[in-house]
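Peer 1: Residue numbering for the sequence shown follows the numbering used here, beginning at 1215 and increasing consecutively. C-beta: ideal position from N, C-alpha, C; glycine also. These numbers were taken from a predicted model, which means no experiment stands behind them. Below is the structure I would like to discuss, written out as structure tokens.
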Amino acid sequence: MLHMLTTAWRRFKFNARSRAETWRLVADLMDSGLMLSDALETAADVAREQRKDTVAAVLLDIREGIPRAEFEERVSRYAPGAEALLFRMVGSAESSRVVRAAMRLAAQSDTLRRALRTALARPILMLVLVGVVFQMLGTSLYPVLAQTAPMSQWPLPAQWLGAFCIWFSANQWAVLVCIGLAIIGMRVLTVRWTKAPRAFFDRFPPFSLYKMQAGIGFMFTVTELGRMGVTLNSAVLEEMAADASPYLKSRIGAIARQLRTRSWSDALKATGHDFPARDLNAALGALSGQENWIDKFSGFLDSWIDRFDTVVKERTAILNVVVLAAIAAAMGGTMLSTMSIVQSIQVQ
């Protein structure tokens, strides 16, 4: 149990940004002439000097696996399946090149996650403000108005809004728990749900955002493997799918089945899921028949990731509109209900 908790904590601290920085340092040290084991030990010393003891422990644990022929297993403890798959190429490809490919993959993952957090920060903040407004109305305004005139004498819309705000303020912790459970449930659903009509829901957030994040990581891994000379066939995809999330496994598996008898372009079209994105698939289809198509598509993918912030903002625009509409409805309803209550009191 303690070992599982320790490993989980190390994985948490050894996040995408930390991995990108670490792999870059290890690759630079190897390009300077150090062996992989020495580069890992030196990087661990640097991390320790920077008071990143958890990262240092991860690197030393990975290093200890080299003489025991457990290097791949140790890496897979702390790195996602895509990065771990790249490290399986150590021995058959130049080690520093493998580490640098893992660095690019980790950096790409960090870029995508930061873009998602930035795009979702605004609607989340607005929802929090709506909750604060309901809390203030339920604790300060409507109880005072109810003392002036019984709630049963208010106009019906004002009764509904007042009752909701009072209930919300009295059960705020229960509401927060329900919201937390809903977020966890949605997270589980986006990662594990693979049956129909998932393809339809993949058009809308948060499913569309997860599809892009997972799909771009898949494409990036494929291009890095291709750059290292790996034959990009169905067997490679099946190996990638083995350590992937249920959703990603289903999408990679669908492509792998089609790739047995089709080209990459036709295989992506035949799945019918637009995975990871329609424009990426179109670019791959246009380039796959050309010479050095992997390098060309890799350049296109890098450019596409650079404008990922804009893509995410476009996908979350509908969410912002819904939240703004909710805020406008809440503010307008509050003003109208307050005015109607005051008018009913004046009539009395």
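So, does the segment 1228-1236 touch the segment 1318-1329, judging by three or more C-beta pairs under 8 Å?
Peer 2: At 8 Å Cβ cutoff, the stretches touch.
Peer 1: Report the residue from R1474, A1456, N1495, D1523 whose alpha carbon sits nearest the alpha carbon of P1598.
Peer 2: Past the edges of the chain, shown from 1215 to 1562, lies residue 1598, and the structure says nothing about it.
Peer 1: How long is the line joining the alpha carbons of R1412 and A1470, rounded to whole angstroms?
Peer 2: Distance between the alpha carbons of R1412 and A1470 is about 19 Å.
Peer 1: Just curious, the alpha helix (DSSP H) that A1258 is in, first and last residue?
Peer 2: Per DSSP, A1258 belongs to the alpha helix (DSSP H) from 1250-1263.
Peer 1: Secondary structure at V1444, three-state DSSP: helix, strand or coil?
Peer 2: Coil at V1444, not helix or strand.
Peer 1: Just how far apart, CA to CA, sit V1405 and A1458?
Peer 2: C-alpha separation (whole angstroms): 10 Å.
Peer 1: I need the boundaries of the alpha helix (DSSP H) containing N1495, first residue and last residue.
Peer 2: First-last of the alpha helix (DSSP H) with N1495: 1492-1501.
Peer 1: Nearest by alpha-carbon distance to Q1557: which of P1369, A1270, T1220, W1387 is it?
Peer 2: Among P1369, A1270, T1220, W1387, the Cα nearest to that of Q1557 belongs to P1369.
Peer 1: Hey, is the segment 1360-1374 in contact with the segment 1340-1351, meaning 3+ C-beta pairs nearer than 8 Å?
Peer 2: The answer is no - the segment 1340-1351 does not touch the segment 1360-1374, with fewer than three Cβ pairs under 8 Å.
Peer 1: Short of 6 Å in beta carbon distance, which residues of its chain neighbour G1429, apart from the five on each side in sequence? Order them along the chain.
Peer 2: Result list for G1429: F1489, P1490, in chain order.
Peer 1: Are F1382 and G1431 closer than 9 Å when you measure CB to CB?
Peer 2: Result no, Cβ atoms of F1382 and G1431 do not sit closer than 9 Å.
Peer 1: Secondary structure at E1505, three-state DSSP: helix, strand or coil?
Peer 2: Note: E1505 maps to coil in three-state DSSP.
Peer 1: Flag this pair as touching only if the segment 1465-1484 and the segment 1442-1454 have three or more C-beta atom pairs under 8 Å; answer yes or no.
Peer 2: Cβ pair count under 8 Å is three or more, so yes.
Peer 1: If you measure between the beta carbons of Y1292 and V1312, is that distance less than 9 Å?
Peer 2: Not a contact, by the Cβ cut-off of 9 Å.
Peer 1: For A1484, which residues from the same chain have a beta carbon less than 7 Å from its beta carbon, with the 5 sequence-adjacent residues on both sides left out?
Peer 2: Around A1484: Q1472, R1476.
Peer 1: For D1480, which of helix, strand or coil comes out of DSSP?
Peer 2: In the structure shown, D1480 sits in a helix (DSSP, three-state: H, G or I).
Peer 1: Going by beta carbon distance, what residues of the same chain come within less than 8 Å of S1551, once the five residues before and after it are set aside?
Peer 2: The answer, listed in chain order, is W1368, P1369, P1371, A1372, L1375, G1376.
Peer 1: Exposed or buried, what is P1281 when buried is set at 16 or more other beta-carbons lying within 10 Å of its beta-carbon?
Peer 2: Looking at its Cβ environment, which holds fewer than 16 other Cβ atoms inside 10 Å, P1281 is exposed.
Peer 1: Nearest by alpha-carbon distance to Y1461: which of G1503, D1267, R1492, K1409 is it?
Peer 2: Of the listed residues, the one whose Cα sits closest to Y1461 is K1409.
Peer 1: Since I believe S1517 is in contact with R1441 (beta carbons under 8 Å), could you give me their beta-carbon distance rounded to a whole number of angstroms?
Peer 2: Between S1517 and R1441 the Cβ distance is about 16 Å, and since that is not below 8 Å, they are no contact.
Peer 1: If we ignore side chains and look at the alpha-carbon of each, how far apart do Q1504 and R1336 end up?
Peer 2: About 43 Å.
Peer 1: Just the Cα atoms here: how many angstroms apart are S1246 and S1422?
Peer 2: Straight-line Cα distance between these residues: approximately 42 Å.
Peer 1: Tell me the DSSP secondary structure of W1407 in three-state form.
Peer 2: In this structure, W1407 counts as coil in the three-state DSSP scheme.
Peer 1: If I measure Cβ to Cβ from A1540 and keep anything under 7 Å in the same chain, skipping five residues before and after, which residues do I get?
Peer 2: Excluding sequence neighbours, A1540 sits near V1344.
Peer 1: Helix or strand or just coil, what does DSSP make of D1457?
Peer 2: In the structure shown, D1457 sits in coil (DSSP, three-state: anything other than H, G, I, E or B).
Peer 1: Please classify M1215: does DSSP put it in a helix, a strand, or coil?
Peer 2: Three-state result, M1215: coil.
Peer 1: Quick one: which unbroken alpha helix (DSSP H) runs of 4-plus residues sit fully inside the segment 1324-1378? Chain order, please.
Peer 2: Those alpha helix (DSSP H) runs which fall completely within the segment 1324-1378 and span 4+ residues are 1356-1362.
Peer 1: Could you check where the alpha helix (DSSP H) with I1170 kicks off and where it finishes?
Peer 2: Since the first residue shown for the chain is 1215 and the last is 1562, residue 1170 is missing from the structure and cannot be characterised.
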